[in-house]
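Visitor: Starting off with a structure, shown below.
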Amino acid sequence: MNWRAPASSLSLVILAILVISNAHAVGITNPPSQRDFVFNPGEAFNINIGVGGAERIGVYLYTRNPAHPETLGTPEDDNVLSYVRINDPAPNTSDRTVTVQFALPQILKPGDYAVDFYATELAEIEGTVTATASTKIRFTIHVLSEEKRIEILGFSVPPIPEGMNANASITIVSRTKQNLNNVLTEVRLYRNDTVVATARSKSIALLSAQTATLNVTLDTENIRGGDYPANGTVYFDEFANDTWTETLKIGTLHVDVSDATRQFVYNTTNKFNFIVSNRWNRELQEVYATVSIGSQGKKSASLNIPAFGQTSYELYFDRDETLLPGTVTANVTVFFKDYDPPTKTYVQKQESFLLPVDIIVPLVPQKKWWEGETLVYVLAGGLLLLLLAIIILILILIFRRPKQEAPRQAAPPAATPREQRAPPKAQ
């Protein structure tokens with residue numbers, strides 16, 4: 075096939091390849107460390123931002139509505155971008171420093187105002203400027219409320235081994251102009267929608283706009299390993315805020331084998347798949363398994379399994395006529411290394427599992443006469459019969475052909491008159 079692209083199309087393709095290959099290049103080279111601000115009436119401040127990584131970069135601002143639209147803007151203006159602008163000394167160039175300037179008014183309604191700063195790579199395609207890649211950072215202005223209000227910034231319940239108590243922490247920040255006198259949290263642990271452990275933190279005082287972390291210890295020494303939903307409530311004076319739900323993982327120092335192959339085909343090479351799960355809250359080192367089925371034994375590769383993670387293994391077993399149809403046992407032994415704090419070394423440990431494997435004989439389906447090899451046999455037989463019929467027909471035609479009569483002998487010619495009168499010769 076003779077295919078030619080027009081020159082203009084080829085140029086666009088090359089440009090697109092260059093754009094795609096450099097799409098990740100545009101970036102903010104000097105991001106500011108502070109991006110959250112508490113509103114102070116009439117405050118003005120500048121933030122320098124470095125941009126670069128592309129030939130042409132444009133910058134611009136965008137704002138989103140807060141969670142409560144009625145708190146947007148001022149009594150006179152509902153657009154916070156009226157108080158934010160960019161000072162860009164060299165527009166559309168690369169490797170430069172721009173300044174985001176905030177000149178805030180005397181009054182802003184309570185709420186959170188997010189202002190996004192974008193640095194965008196610009197490409198000129200057929201006379202038009204197109205944005206091809208961009209990156210952003212977000213600035214948030216928090217306008218404190220006259221009413222008591224807090225915001226939950228984080229909730230953490232790290233995994234623990236079985237037999238230990240769990241620690242939970244909730245980070246909060248005050249979003250009110252008032253000082254809070256009595257702030258605490260309650261964390262609850264659940265199993266099947268039933269509370270199995272609960273604990274409260276100490277009460278603290280929280281100043282206006284101040285951030286704090288509340289810690290609790292849950293009694294989980296007698297709780298078996300597994301995953302347990304946990305959530306909490308932060309109480310501040312006469313108010314309360316609920317947290318989102320996290321999962322506490324309680325581990326035990328053992329492994330599980332799950333999702334193993336349950337069926338082999340008789341007298342055939344078979345693949346044995348199985349998954350090893352780490353039930354411990356630390357990574358297990360050099361985990362491998364030996365699997366014995368009948369007279370054969372195989373060893374898997376050695377892998378590391380992360381805390382509460384899992385990995386899959388694959389082994390092949392040769393055909394074996396001694397494994398008769400029925401159910402046999404796969405003996406799986408998992409070996410792993412665990413860190414021993416007293417000796418500060420890794421020690422070898424192992425666990426064994428017995429898994430049933432069914433040896434089956436697959437049923438050979440009866441094919442229809444028009445399917446597969448049967449059709450070949452039918453056609454071959456038909457051709458043979460046709461050939462035999464042709465041979466018989468030829469033989470019949472040969473034997474039924476009429477015989478030809480023998481040619482008659484010609485009479486001797488009659489004697490001439492002279493020959494008739496001539497006397498006989500003397501002897």
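Numbering (the working numbering), first residue to last: 75 to 501.
Where is the CB? At the ideal position from N, CA and C, for every residue including glycine.
(1) Decide if the segment 206-226 is in contact with the segment 305-315; the criterion is three or more beta carbon pairs, one per stretch, under 8 Å apart.
(2) Please classify P163 as buried or exposed, where buried requires at least 16 neighbouring CB atoms within 10 angstroms.
(3) If R274 and V290 are in contact, beta carbons under 8 Å, what's the gap, nearest whole angstrom?
(4) Indicate whether the contact test is met: 3 or more Cβ pairs, each with one atom in the segment 458-478 and one in the segment 399-414, closer than 8 Å.
(5) Taking Cβ positions, are T245 and T287 nearer each other than 9 Å?
(6) Can you check whether the C-beta of P106 is within less than 9 Å of a C-beta belonging to chain B?
(7) For the beta strand (DSSP E) that K345 lies in, which residues bound it at each end?
(8) Considering just the uninterrupted stretch of the beta strand (DSSP E) at F382, what are its terminal residues?
(9) Assign G455 to buried or exposed, taking buried as 16 or more other Cβ atoms, counted over all protein chains shown, within 10 Å of its Cβ.
(10) Report the start-end ranges of each alpha helix (DSSP H) in the segment 280-349 that is 4 residues or longer and not cut off at the edges.
(11) For the beta strand (DSSP E) that D110 lies in, which residues bound it at each end?
(12) Ends of the beta strand (DSSP E) at S168?
(13) Would you identify the three-state DSSP class for I181, choosing helix, strand or coil?
(14) Could you work out which residue in V270, V421, T194 and A177 is closest to D169 when comparing CA atoms only?
(15) Could you check the C-alpha separation between Q108 and R159 for me, to the nearest Å?
(16) Look at E320 and F229 and say whether their C-beta atoms are less than 9 Å apart.
(17) Compare the C-alpha of R249 against each of P235, Y134 and V217 and name the closest.
(18) Just tell me which of K423, D392, G368 and Q424 has its CA closest to the CA of A404.
(19) At 3 residues or longer, and completely inside the segment 227-255: list those beta strand (DSSP E) runs for me, N to C.
(20) With respect to the beta strand (DSSP E) encompassing D38, which residues constitute its N-terminal and C-terminal limits?
(21) Does A463 come out as helix, strand or coil in the three-state DSSP assignment?
(22) Just reading off the beta strand (DSSP E) that N266 is part of, what are its end residues?
(23) Can you find the residues in the same chain that come closer than 7 Å, C-beta to C-beta, to S351, ignoring five residues on each side of it along the sequence?
(24) Within 10 Å of its beta-carbon, does N104 have 16 or more other beta-carbons around it, so buried, or fewer, so exposed?
(25) Sorted by chain position, which residues of the same chain lie with C-beta nearer than 6 Å to A242's C-beta, five sequence neighbours on each side aside?
(26) Skipping 5 residues on each side, what residues in its chain have a beta carbon closer than 7 Å to that of E395?
(27) Report the rounded CA-to-CA distance for I91 versus R130, giving the unit in angstroms.
(28) So what's S366 in DSSP terms, helix, strand or just coil?
(29) What would DSSP say about L471, mapped onto helix, strand or coil?
(30) If you pair each beta-carbon of the segment 173-182 with each one of the segment 118-126, do three or more pairs fall below 8 Å?
(31) On the premise that T285 lies in contact with A271, defined as a C-beta separation below 8 Å, what is that separation, rounded to the nearest angstrom?
(32) CA-CA distance, L86 and K210?
(33) Determine the closest residue to P436 out of V450, K411 and F338, with distance taken between C-alpha atoms.
(34) Which class does V100 belong to by DSSP, given the choice of helix, strand or coil?
(35) Classify I465 as buried or exposed, calling it buried when 16 or more other Cβ atoms lie within 10 Å of its own Cβ.
(36) Does the Cβ-Cβ distance between L196 and E117 come in under 9 Å?
Guide: Working from what's here:
(1) yes
(2) exposed
(3) 6 Å
(4) no
(5) yes
(6) No chain B is present in this structure, which holds just one protein chain.
(7) N344 to N352
(8) Segment: none, F382 is in no beta strand (DSSP E) and carries neither H nor E.
(9) exposed
(10) none
(11) D110 to V112
(12) Neither: S168 is in no beta strand (DSSP E) and is coded neither H nor E.
(13) coil
(14) T194
(15) 18 Å
(16) yes
(17) V217
(18) G368
(19) 240-248
(20) Outside the shown range of the chain, which is 75 to 501, sits residue 38, and nothing can be said about it.
(21) helix
(22) N266 -> no beta strand (DSSP E), and no H or E assigned at all.
(23) V329, D330, S332 and Q384
(24) exposed
(25) V231, V261 and V290
(26) N341
(27) Low confidence applies here, because I91 scores a pLDDT of 34, under 50, leaving its location unreliable and the question unanswered by this model.
(28) strand
(29) helix
(30) yes
(31) With a Cβ gap of about 27 Å, A271 and T285 do not count as contacting.
(32) At L86, the pLDDT of 34 sits below 50, so the modelled position is not reliable and the matter cannot be decided from this model.
(33) F338
(34) coil
(35) exposed
(36) no
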